[in-house]
Structures are given as structure tokens and as C-alpha cells.
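Read through the structure below, which is laid out as C-alpha cells, and then see the notes.
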Amino acid sequence: MARLFLPCLLLLVSAQTALSKGVFELKINSFTSSRGVCSSPSRDCQVFFRVCLKHAQEVINPEPPCTYGTALTEVFGADSSSISGSAPVRVPVQFKWPETFSLIVEAWNAESSGLESTDNQNNLISRLAMRRRLAVGEEWSQDVHFGDQSELRYSYHVVCNEHYYGADCSAFCRPRNDTFGHYACDEEGKRRCLDGWAGEYCSDPICAPGCSEEHGFCEAPGECVCRQGWQGERCDECARHPNCVHGTCQQPWQCNCREGWGGLFCNQDLNYCTNHKPCQNDASCTNTGQGSYTCVCRPGFTGKNCETETNECDSNPCKNGGSCKDLENDYSCECPQGFYGKNCEISAMTCADGPCFNGGTCVENAAGGYTCRCPAGYTGSNCEKRIDKCSSNPCTNIDDCAGNPCRNAGTCVDGINDFTCTCTLGFSGKDCSVRTSPCDHFPCDNGGTCYTHFTGPVCQCPLGFMGARCEYSATRGPLQQRPRPSSCMFVVCFLISVCTPSQSISVENHCLARYQPFLSLSLFNSKKCDSSIIIPPLSFAKDSLYQMEQCVFATEVRKRLPTQPRTQQCL
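Quick note: the sequence shown uses the numbering used here, first residue 3, plus one each step.
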């Protein structure tokens with residue numbers, strides 16, 4: 003029975019200690035009694051102490067019950083050394099520590115070895131009862147009590163049990179880091195949450211910064227788990243319909259089309275210009291239907307998307323052999339001599355200059371210049387070109403003149419894989435790009451001066467000479483002394499028709515009419531005679547090629563008698 007009782011008692015004490023908020027500890031430092039410790043000196047003297055805690059009383063009643071708790075020390079020997087080295091007695095505190103209390107300490111004589119009993123009052127050696135005030139803390143309070151026949155020296159304190167805090171050990175706080183909480187305890191027993199946790203019991207994880215409280219949550223600190231229908235790093239973006247292509251949403255599973263898109267899933271392109279911006283180089287884009295568009299290019303660009311920069315010279319805008327120079331969004335024409343205007347379309351000559359060949363009729367233009375109306379079989383700005391029957395390209399030969407290789411108004415003649423340029427007066431070379439002077443190969447004799455005219459080189463003869471190259475000398479003295487025409491030069495050759503030595507001739511020339519008396523017609527001879535000698539009219543320059551006084555003469559020599567045709571030599 004005794005063996006069963008002792009384990010049960012120890013278990014009860016352990017349970018009380020585990021459930022207590024704190025513990026009152028008292029240590030017996032020394033005990034002496036004038037009566038002697040033992041009542042029977044013949045026996046081995048043994049002693050133990052009983053500690054009783056009661057609520058504070060003005061008049062302390064040492065008798066039970068001990069309202070705050072009671073405890074017994076182990077049994078000591080009579081010598082003081084065994085008492086002073088003993089462990090303190092512990093009284094569990096099951097309530098808030100009141101600070102003020104009544105303390106009763108009794109010394110008892112053990113009746114037998116190891117047996118603690120307070121039933122026999124004869125074994126009571128001494129008793130002390132006192133009222134004390136004690137705060138919770140680790141520091142020991144030292145005290146001594148002098149009884150009538152005894153002296154007791156002791157020390158005591160009260161401390162909170164583990165997980166209890168505060169001045170009265172009433173605050174319970176057990177640190178934990180599990181499903182039910184994540185916190186530690188401070189000196190006052192308050193919960194202090196571990197990093198990443200919040201809430202009364204530190205069981206609420208702190209989500210990632212910025213995580214939407216409405217659309218996101220977390221199961222561990224630093225997370226941001228989105229609720230259904232929401233997405234993004236902070237769960238603040240709604241999730242579109244899975245098939246939505248070019249749309250947005252304000253609530254989950256919506257598909258609100260962006261500008262230029264339509265259809266249930268915003269996959270129909272309604273504004274290709276806005277969505278794709280296909281037109282380049284600042285061109286204007288116009289939608290012409292689903293997925294189609296038209297670009298209106300700025301000057302200087304072409305192509306479906308205005309991606310190609312145009313060369314304004316590709317259309318050959320320069321007329322009459324002008325050279326084209328490409329500029330930004332424009333062009334300029336370098337006109338040959340005798341032409342001007344934006345496209346070299348205006349001639350510096352007038353109808354008075356007789357620019358039309360091959361019987362063409364000259365018509366003055368109101369804006370300046372002239373226009374030649376060509377007879378059948380001729381074409382060109384001056385009717386200088388004979389119409390080529392092959393111009394319609396009946397043959398398979400490639401036209402090498404299609405690219406207008408001849409410059410400076412040169413006429414291109416197509417060949418077999420080649421071309422030939424017939425250059426205008428003053429130009430030469432394969433493509434008429436070399437500027438030359440007709441006078442370089444037309445020397446004037448006897449000090450004559452050569453002038454360039456659109457019909458060819460013309461010699462201005464000094465006084466006393468005449469002829470195409472001033473190769474003839476005037477034999478009559480009066481001719482050398484007569485005035486020289488200022489605006490019209492001497493006639494060097496006449497249009498001669500059928501003539502005989504005995505026939506007379508008539509001269510029709512308004513420009514040279516006033517100089518007609520000076521012309522000698524007696525020098526014609528009959529060594530040569532032809533039925534039809536055609537010499538084109540000649541013009542003489544006064545100052546330059548394009549500031550001229552034209553002196554066109556058409557001399558007709560009409561035969562007066564039907565005689566044998568003979569040629570006359572022109573002086």
C-alpha cells in the first residue's frame with residue numbers, strides 16, 4: 003500500500019506543479035532550538051519542516067487550511083550542515099500571486115527514519131508565523147526569525163513557471179511556430195509574431211507587398227496566390243476569356259475589344275491602319291475593308307506602303323534635250339541653249355527665226371516660244387524628224403533608244419543591240435554629251451569671223467570678200483567702198499534654179515533689198531548648170547545664237563527663156 007501511495011503522491015505533486023502559474027520557494031539556511039532538536043536523545047535525531055502559505059491575515063492562524071498551499075521538506079539530520087545544504091521547498095502557486103501573504107514555518111521531529119507526520123503535536127519543535135510582502139522575481143529575500151526557544155534563518159522568493167509572465171504570473175504565453183501560431187513571448191507575456199505573420203495568435207501570413215486583399219491570399223509569408231478569375235503578380239489583373247485575342251477585361255472572363263477590333267473574341271481587324279501602321283514615310287492610311295487599306299503617299303514616295311522613294315526624273319520631264327536633276331520631292335531641268343522654262347518646253351526662238359524645217363508651219367505661242375505644225379511624214383519640235391515607219395516596232399528588235407540615251411536634244415537611231423545619236427549643233431560624242439563648236443571644223447578664209455547658227459556655221463567676211471568661207475574677192479572697186487550691212491550679212495550663195503548666161507535673174511529678199519544694187523550678177527558663168535539646186539535659207543547672227551536678227555532670203559532664179567539649162571556659178 004505504501005509503495006502505491008508514494009508514486010501517486012509524486013504524480014499529484016507533478017500535476018499540480020505543471021498546472022501552477024508560479025512557485026514559492028523557501029530555503030532553510032539554519033535552525034537552532036534551546037529545547038534541543040530531539041525530544042529523545044537516545045534515538046537518532048531527525049527533523050523536517052512544514053511550510054504553509056495563507057492569505058494575508060492581521061492575526062495569523064497557524065492551523066490549516068493553508069489557502070495558498072503547503073509543502074514539507076525532506077528529513078534532515080540533527081547537524082546543521084545537512085540542513086543548510088538542502089534543496090529549497092517548493093509550494094506551487096495556482097492563482098495570481100497576491101504579493102502580500104502569511105507565512106507559517108514549523109519544525110517537526112520525525113518519529114521514525116524518513117517518515118514525515120504532523121499528527122502528533124508532541125513532535126512539533128517550533129513554529130513561526132509572519133506576514134510578508136514579496137514581489138515576483140529571481141532574487142532571494144533573506145530573513146531570520148527568533149522564537150521563544152528557537153532561531154530560524156531562511157530565504158525565499160516567488161518565480162513564475164515557464165510560459166507565465168507578469169507581476170502576478172497570470173499572463174500565459176507559450177512560444178510556438180506551428181499551425182496554431184507563429185510567435186515568441188516578451189517579458190510581459192505578450193505574443194510577438196515571428197517575421198511574416200500577423201493576427202492575434204500570429205496565425206495569419208503576411209502576403210507579398212501589394213498583393214490584392216480582395217483578389218489574392220497567401221498560405222505562407224511572401225506569397226500572393228490569386229483567386230479564380232484573377233492573375234498578375236499582385237492578383238490585381240482580371241483574367242480574360244481564354245479565346246480573347248485583342249480585348250481587355252474589367253471583371254473575370256470578359257473580352258472587351260480594343261479600338262479597331264471586333265467580334266465575339268475581338269479577333270476581327272476593323273482598323274488595319276491603326277493596328278498595323280503599314281504606311282511609311284508619313285503617308286496617310288485609309289481603311290478600305292476588313293484587313294485592307296490604301297496608302298496616300300507624300301510627294302517623292304511610291305509603292306503600296308509608300309516605301310520607295312521616287313526619282314522625279316524617271317518620267318523624263320525635261321523636254322528638248324534638257325538634263326534632269328533629281329531633288330527632294332522635286333526636280334530641275336538644265337536646258338540646252340535656245341530653251342527655257344520648268345521643263346525646257348519654251349523656245350527662245352520665235353517664228354521670225356524660221357525654226358520649222360521641211361515645210362513646217364510656225365505658230366507663235368501666247369506664253370512665249372512657238373509651235374511647228376509639221377507636214378505629213380515629219381515630226382519633232384521643229385519638224386526635223388522624218389517619221390520612221392518602223393516606229394511602231396513591228397520587228398522584234400529591242401529598241402535601244404527607249405531609255406532616251408541621247409542627251410542635249412540629240413536624235414537616237416536604233417540599231418541591233420546598239421544605237422547611234424545624231425547630235426544637235428554644238429554637241430558630239432556617243433550620247434551627245436560633249437559640247438563642241440561647229441566653227442572648230444569650219445575655218446573662215448581671208449580674216450572672216452565664224453558664228454554658230456542653228457542651221458550651221460556662218461562666216462562674216464571682211465570688206466572686199468564674200469563666199470561661204472569668204473574665199474572670193476570682190477574685183478570691182480566700188481564694192482569695196484560701199485557701206486557694209488550692219489544687221490544683214492552679205493549673201494554668200496543664192497538659191498539658183500535653171501539659168502543661162504544670157505538670162506536675167508530676179509532676187510526676192512526683203513532683208514537684203516536695200517543692198518541689192520551692190521550685188522554683181524555679171525560674174526555668173528555657164529560652166530555648170532543643174533535643173534534643180536536647192537539650198538536652204540541662211541541666217542546670220544548679229545550678237546549670239548539666241549539673240550539674233552535672222553536674215554532669211556529666198557532667192558528665186560526663174561528662167562525666162564526655154565533654152566538649154568546650164569548651171570551658173572555663184573560668186
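Every residue, glycine too, gets a C-beta built ideally from N, C-alpha and C.
CB-CB length for residue i against residue j, believed under 8 Å
| i | j | result |
| --- | --- | --- |
| residue 362 | residue 384 | 7 Å |
| residue 143 | residue 154 | At roughly 14 Å, the Cβ-Cβ gap does not stay under 8 Å, so residue 143 and residue 154 are not in contact. |
| residue 162 | residue 171 | 4 Å |
| residue 237 | residue 226 | 6 Å |
Euclidean distance between Cα positions of residue i and residue j
| i | j | result |
| --- | --- | --- |
| residue 369 | residue 343 | 11 Å |
| residue 438 | residue 471 | 20 Å |
| residue 95 | residue 199 | 34 Å |
| residue 391 | residue 417 | 15 Å |
| residue 57 | residue 149 | 22 Å |
| residue 168 | residue 190 | 5 Å |
| residue 419 | residue 320 | 26 Å |
| residue 228 | residue 211 | 14 Å |
| residue 92 | residue 28 | 7 Å |
| residue 474 | residue 441 | 19 Å |
| residue 289 | residue 276 | 9 Å |
| residue 186 | residue 204 | 10 Å |
| residue 423 | residue 335 | 21 Å |
| residue 120 | residue 110 | 7 Å |
| residue 195 | residue 183 | 8 Å |
| residue 354 | residue 432 | 33 Å |
| residue 253 | residue 281 | 36 Å |
| residue 469 | residue 317 | 47 Å |
| residue 444 | residue 376 | 31 Å |
| residue 257 | residue 242 | 6 Å |
| residue 209 | residue 201 | 13 Å |
| residue 480 | residue 467 | Per-residue confidence for residue 480 stands at a pLDDT of 37, beneath the threshold of 50, marking its modelled position as unreliable; the derived number appears in the next sentence. Rounded to the nearest angstrom, the two C-alpha atoms are 13 Å apart. |
| residue 22 | residue 141 | 20 Å |
| residue 448 | residue 339 | 30 Å |
| residue 215 | residue 235 | 13 Å |
Coarse secondary structure for residue i, derived from DSSP in three states
| i | result |
| --- | --- |
| residue 314 | helix |
| residue 63 | coil |
| residue 276 | helix |
| residue 345 | coil |
| residue 439 | coil |
| residue 432 | coil |
| residue 124 | helix |
| residue 29 | strand |
| residue 186 | strand |
| residue 299 | coil |
| residue 106 | strand |
| residue 143 | strand |
| residue 411 | coil |
| residue 355 | helix |
7 Å CB neighbourhood of residue i in its chain, flanking five on each side removed
| i | result |
| --- | --- |
| residue 88 | 30, 75, 76 and 78 |
| residue 134 | 103 and 105 |
| residue 101 | 135, 136 and 137 |
| residue 85 | 30, 32, 33 and 78 |
| residue 306 | 297 |
| residue 333 | 314, 315, 319, 326 and 327 |
| residue 403 | 414, 416 and 421 |
| residue 217 | 228, 229, 232, 237 and 238 |
| residue 379 | 388 and 389 |
Neighbourhood of residue i by C-beta distance below 6 Å, restricted to the same chain and skipping five residues each side
| i | result |
| --- | --- |
| residue 222 | 207 |
| residue 262 | 272, 273, 276 and 277 |
| residue 177 | 186 and 187 |
| residue 425 | 412 and 434 |
| residue 181 | none |
Contact check, residue i vs residue j, beta carbons under 8 Å
| i | j | result |
| --- | --- | --- |
| residue 51 | residue 158 | no |
| residue 297 | residue 315 | no |
| residue 341 | residue 367 | no |
| residue 231 | residue 255 | yes |
| residue 405 | residue 427 | no |
| residue 260 | residue 268 | yes |
| residue 574 | residue 112 | The requested residue 574 does not occur in the structure, where the chain is confined to residues 3 to 573. |
| residue 131 | residue 62 | yes |
| residue 24 | residue 166 | yes |
Same chain, Cβ closer than 8 Å to residue i, five either side skipped, listed in chain order
| i | result |
| --- | --- |
| residue 436 | 429 and 430 |
| residue 310 | 303 and 304 |
| residue 129 | 64, 106, 107, 108, 109 and 149 |
| residue 286 | 297 and 298 |
Within-8 Å CB hit, residue i to chain B
| i | result |
| --- | --- |
| residue 418 | This model lacks chain B altogether; it includes just one protein chain. |
Any non-hydrogen atom of the ligand FMN closer than 7 Å to residue i Cβ
| i | result |
| --- | --- |
| residue 268 | You won't find the ligand FMN in this model; it holds no ligand whatsoever. |
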